[in-house]
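>
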Amino acid sequence: MLSLAISEDVPLLERFRFLAISASNLDEFYQVRVAALHDQIAAEVGDTSPDGRSPVRQRDEISVRVQHFSDSQEKLLAKQLFPALAKHGVHIMRWSRLGKRAKEALATDFESRIFPILTPLAVDPSHPFPYISNLALNLAVIVRDPETLEERFARVKVPRNFPRFIAVPDSQDFILLDDLIEAHLDRLFPGMEIVTVSRFRVTRNADLSLDDEDAEDLLAAVEMELRRRRFGRAVRLEVESNIPEAVLDTMCSELELQRADVIKSGSFVELSALQQLANLDMPSLRFRPWASVTAGRLAAAQEAGRSMFDVIKSRQLLVHHPYESFSSSTETFVEQAAKDPKVLSIKMTLYRTSGDSAIARHLIRAAESGKQVAVVLELKARFDEARNVSWGRELELAGVHVNYGLVGLKTHAKCILVVREEAGQIRRYVHIATGNYNSVTAKIYEDIGFFTCEEAVGRDATELFNYLTGYGREPDYQQLIVAPHQLKREIIRLIEHEASFGTAGRITLKLNAIQDPQVIDALYAASAAGVKIDMVVRGICCLRAGVPGLSENISVRSVLGRYLEHSRIYRFDHGVDGREPLHLIGSADLMIRNLSGRVETLVRLTHPKHRAWLDTVLGFLQDDANVHFRLQPDDSWLLVGQHHGVGDAQRQLHEWVVATQSR
100 MLSLAISEDV PLLERFRFLA ISASNLDEFY QVRVAALHDQ IAAEVGDTSP DGRSPVRQRD
160 EISVRVQHFS DSQEKLLAKQ LFPALAKHGV HIMRWSRLGK RAKEALATDF ESRIFPILTP
220 LAVDPSHPFP YISNLALNLA VIVRDPETLE ERFARVKVPR NFPRFIAVPD SQDFILLDDL
280 IEAHLDRLFP GMEIVTVSRF RVTRNADLSL DDEDAEDLLA AVEMELRRRR FGRAVRLEVE
340 SNIPEAVLDT MCSELELQRA DVIKSGSFVE LSALQQLANL DMPSLRFRPW ASVTAGRLAA
400 AQEAGRSMFD VIKSRQLLVH HPYESFSSST ETFVEQAAKD PKVLSIKMTL YRTSGDSAIA
460 RHLIRAAESG KQVAVVLELK ARFDEARNVS WGRELELAGV HVNYGLVGLK THAKCILVVR
520 EEAGQIRRYV HIATGNYNSV TAKIYEDIGF FTCEEAVGRD ATELFNYLTG YGREPDYQQL
580 IVAPHQLKRE IIRLIEHEAS FGTAGRITLK LNAIQDPQVI DALYAASAAG VKIDMVVRGI
640 CCLRAGVPGL SENISVRSVL GRYLEHSRIY RFDHGVDGRE PLHLIGSADL MIRNLSGRVE
700 TLVRLTHPKH RAWLDTVLGF LQDDANVHFR LQPDDSWLLV GQHHGVGDAQ RQLHEWVVAT
760 QSR
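Numbering (the working numbering) for the sequence shown: 100 to 762.
In structure tokens form, the structure reads like this:
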């Protein structure tokens with residue numbers, strides 16, 4: 100994300116957005132990954148990672164890398180983005196540079212709206228060090244009594260229910276909320292001298308420490324853990340670089356942090372707040388919108404007054420979001436199922452969904468109309484737990500059968516099963532996807548959805564839901580490959596099968612992440628056998644590429660652009676029987692957690708048009724003329740392509756999808 104924020108070929112406000120996303124991603128990295136290291140350090144775990152690093156060494160090296168990363172973020176903001184925004188008439192002002200009228204107007208606003216909700220918290224023998232909430236922006240203030248010259252440390256929390264950037268009246272300019280508060284600290288500490296003011300923020304462990312094997316009521320247990328999350332162990336302290344050393348020592352002591360857990364910032368703490376500037380009403384400074392189209396066969400059906408069931412019954416359907424509309428395909432599928440009197444039941448998995456989910460509303464209406472509706476709702480979807488708890492309550496009240504998945508596993512599969520009575524017979528319609536049933540992220544996440552009424556897939560989907568909601572051993576599937584019991588074994592088998600063809604073998608993988616050691620070893624072995632392995636990996640990649648004697652036949656690239664590449668595509672040139680390629684799509688990445696700790700699904704695509712579609716998609720992404728990052732043998736990433744732009748492959752995909760809608 101930082102590389103996109105740096106690129107001058109990206110529109111200015113989008114650069115602000117990418118910079119904010121890079122900060123949010125770093126927050127999550129600390130809340131989950133670094134938090135796990137802190138747990139290991141606290142437990143005095145002596146084991147080392149596969150590369151020989153102890154938990155302490157990993158933490159220390161992460162700190163050095165993150166400090167460098169943070170310095171790069173701030174330099175970009177101060178030296179490029181803010182000055183570029185100023186050229187368009189928008190300035191981020193300091194209080195001292197404002198005119199008299201602006202100061203008076205802002206002072207009135209401060210007095211009436213902000214001052215009443217601020218709470219200064221002093222630290223002294225009668226006032227213990229206050230609790231610092233996760234990711235909240237704070238001011239560390241040193242105040243001095245002018246009579247006794249005694250100094251005290253105090254903390255002022257910057258309220259979250261105000262925007263970080265406060266509009267300056269009668270202008271396009273903004274002042275930071277924390278600057279406005281700093282300018283009026285005399286109102287909070289009357290009669291005191293303000294010695295120093297520094298911004299700081301604490302990041303805490305935000306992972307749920309839930310053992311659902313012992314949780315009799317998983318819903319109640321998750322709700323309790325969400326309350327406990329607020330008090331998770333501190334794992335990072337971000338401070339403004341001007342903070343006094345004595346104050347920093349006190350904070351580290353009180354928060355039980357080491358100096359390796361401290362990240363210093365020159366002047367701007369909490370870069371995720373830059374999303375506000377990215378949303379300014381300045382369309383010329385953003386990407387030109389690409390309107391999603393309705394898949395050609397669906398558009399024709401709509402014009403003819405035919406349902407999606409008619410379309411799917413005539414032939415399987417593949418849709419590609421956000422190039423093709425999520426609303427006119429997936430949401431419409433659930434809506435029509437909810438309204439159709441021939442539909443007897445609807446079953447689906449929900450991992451992440453939006454706050455005002457049309458799909459959830461359709462499920463509620465279906466249940467209220469008497470249909471059998473069952474939802475496997477994953478309460479432990481990280482950072483969406485509270486939303487899912489809320490939906491679980493609401494769905495249950497409407498009569499939906501809500502199940503919270505299997506003990507010890509997250510349900511990450513994306514699947515809908517609709518059972519419909521047609522001419523006295525039962526037909527099952529299935530949707531399997533690579534992405535979540537979330538209408539908000541479906542506009543920016545690249546994903547693939549597959550609709551079919553093929554009997555074998557319908558039987559597999561029925562078995563899957565029975566396994567998720569009932570009690571029994573996982574069945575054997577015909578068309579689906581399901582984790583945790585089968586998927587990893589099958590992927591390794593397919594890799595080994597491809598390796599048996601030597602230099603004639605080829606494997607193409609598009610993933611969000613690869614980390615499972617056994618799968619990586621299988622890919623290394625296939626590379627040694629001469630198999631050409633091309634990978635498109637968006638995020639975590641623990642595999643090394645192009646290393647002589649290890650992975651010289653493996654290439655890894657990452658494609659970044661306006662859309663987040665989220666779909667998972669698996670292609671094996673010699674398939675199962677050696678006669679034709681095998682194409683799989685689904686929810687699973689090649690990580691330990693996906694293959695061993697989650698319920699995941701992959702489905703085989705058999706229609707020639709759908710397989711050709713996936714090959715075209717992979718072709719755009721693997722075109723060396725398109726901008727991409729390529730993993731080097733020394734584990735660095737090299738930016739390559741015809742020019743240092745952004746989204747070339749995605750733009751070509753958009754143009755191609757618009758021109759080729761019917762399949």
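Using N, Cα and C, we set each Cβ at its ideal position, and we do this for glycine too.
Please classify A122: is it buried, with 16 or more other beta-carbons within 10 angstroms of its beta-carbon, or exposed?
By the 10 Å Cβ count, A122 comes out buried.
> Specify, as a first and last residue, the run of the beta strand (DSSP E) that F252 falls within.
F252 -> beta strand (DSSP E) spans 250-256.
> For the alpha helix (DSSP H) holding C351, just list the boundary residues, first then last.
Run containing C351: 344-354, per the alpha helix (DSSP H) assignment.
> Within the stretch 571-649, note down every full beta strand (DSSP E) run reaching 3 residues or more, in order along the chain.
If we require 3 residues or more, the beta strand (DSSP E) runs fully inside the stretch 571-649 come out as 579-582, 605-610, 631-636.
> In chain order, which continuous runs of the beta strand (DSSP E) of length 3 or greater are located wholly inside the stretch 204-277?
Counting whole runs of 3 or more residues, the stretch 204-277 contains the beta strand (DSSP E) stretches 219-222, 236-243, 250-256, 264-266, 273-275.
> Drop a sphere of 10 angstroms on the beta-carbon of Q172, count the other beta-carbons inside from all chains shown, and report buried for 16 or more, exposed for fewer.
By the neighbour-count rule (16 or more Cβ atoms within 10 Å), Q172 is buried.
> Compute the Euclidean distance between the alpha carbons of I594 and L689, then round it to the nearest angstrom.
Their Cα atoms are separated by approximately 13 Å.
> Per DSSP, what are the beta-bridge partners of S413 in this structure?
DSSP, once it has assigned bridges, lists no residue as partnering S413.
> Compute the distance between the beta-carbons of L336 and D360, then report whether it is under 7 Å.
Yes; because the gap between Cβ atoms is below 7 Å, this pair is in contact.
> Anyone know if the C-beta pair for H511 and R697 falls short of 7 Å?
Result yes, Cβ atoms of H511 and R697 sit closer than 7 Å.
> Of the choices H461, S211, A497, V499, whose alpha-carbon is the least far from that of I763?
Missing from the structure shown is residue 763; the chain here goes from 100 to 762 and no further.
> Rounded to a whole number of angstroms, what is the C-alpha to C-alpha distance between N537 and H665?
Approximately 13 Å, taken between the alpha carbons.
> Starting from H461 and walking both ways along the alpha helix (DSSP H), at which residues does that stretch end?
Its alpha helix (DSSP H) spans residues 457-467.
> Does the count of Cβ pairs from the stretch 367-383 and the stretch 108-127 closer than 8 Å reach three?
Result yes; three or more Cβ-Cβ pairs closer than 8 Å.
> Does DSSP put G504 in a helix, a strand or coil?
Note: G504 maps to coil in three-state DSSP.
> Do you know whose CA, among A221, T759, A235, lies nearest P229's CA?
Answer by Cα proximity: A221.
> Looking at V756: is its Cβ nearer than 7 Å to the Cβ of I531?
No, the Cβ-Cβ distance between V756 and I531 is not below 7 Å.
> Taking contact to mean 3 or more Cβ pairs, one atom from each stretch, closer than 8 Å, check whether the stretch 261-279 and the stretch 168-183 are in contact.
No: fewer than three Cβ pairs fall under 8 Å.
> N502 and A473 look like a contact to me (Cβ under 8 Å); what is the Cβ gap, rounded to whole Å?
7 Å between Cβ atoms; contact.
> Could you pull out every unbroken alpha helix (DSSP H) segment of at least 4 residues lying fully inside the stretch 699-739, listed in chain order?
Whole alpha helix (DSSP H) segments, 4+ residues: 707-721.
> Going straight from the alpha carbon of H190 to that of E369, what length do you get?
If I take the Cα positions, the gap works out to 18 Å.
> Is the CB-CB distance between E467 and A497 below 7 Å?
Yes, Cβ-Cβ distance for E467 and A497 is below 7 Å.
> Taking all protein chains shown into account, do 16 or more other C-beta atoms lie within 10 angstroms of the C-beta of H226, making it buried, or fewer, making it exposed?
Exposed: under 16 other Cβ atoms inside 10 Å.
> Could you check the C-alpha separation between H137 and Q614 for me, to the nearest Å?
Their backbone Cα atoms lie some 21 Å apart in a straight line.
> Assuming V433 is part of the alpha helix (DSSP H), what are its boundary residues?
Run containing V433: 431-438, per the alpha helix (DSSP H) assignment.
> In terms of alpha-carbon separation, which member of L567, L683, V636, R286 lies closest to Q578?
For Q578, the nearest C-alpha among the options comes from L683.
> How many angstroms separate the CA atom of V163 from the CA atom of T349?
The alpha-carbon atoms of V163 and T349 are separated by roughly 22 Å.
> Return the chain-ordered list of same chain residues with a C-beta closer than 8 Å to the C-beta of S102, the five sequence neighbours on each side being excluded.
Once the five neighbours on either side are set aside, the close Cβ partners of S102 are L659, F728, L738.
> Assess, as a yes-or-no matter, whether the stretch 430-450 is touched by the stretch 400-409 under the definition of 3 or more beta carbon pairs within less than 8 Å.
Yes: the two stretches touch, three or more of their Cβ pairs being nearer than 8 Å.
> Relative to the alpha-carbon of A627, which residue among L610, R605, V635 has its alpha-carbon at the smallest distance?
Nearest option by C-alpha distance: R605.
> Is the beta carbon of D633 sitting closer than 7 Å to the one on S654?
Yes, these two residues count as a Cβ contact at 7 Å.
> Per DSSP, what are the beta-bridge partners of S364 in this structure?
S364 pairs with E339.
> Could you please give me the residues that DSSP links to I531 through a beta bridge?
In DSSP, I531 forms a bridge with C514, F549.
> Any idea if H461 is buried or exposed, counting beta-carbon neighbours within 10 angstroms, 16 or more meaning buried?
By the neighbour-count rule (16 or more Cβ atoms within 10 Å), H461 is buried.
> Let me know if L449 comes out buried or exposed under the rule of 16 or more other beta-carbons within 10 Å of its beta-carbon.
Classification for L449: buried.
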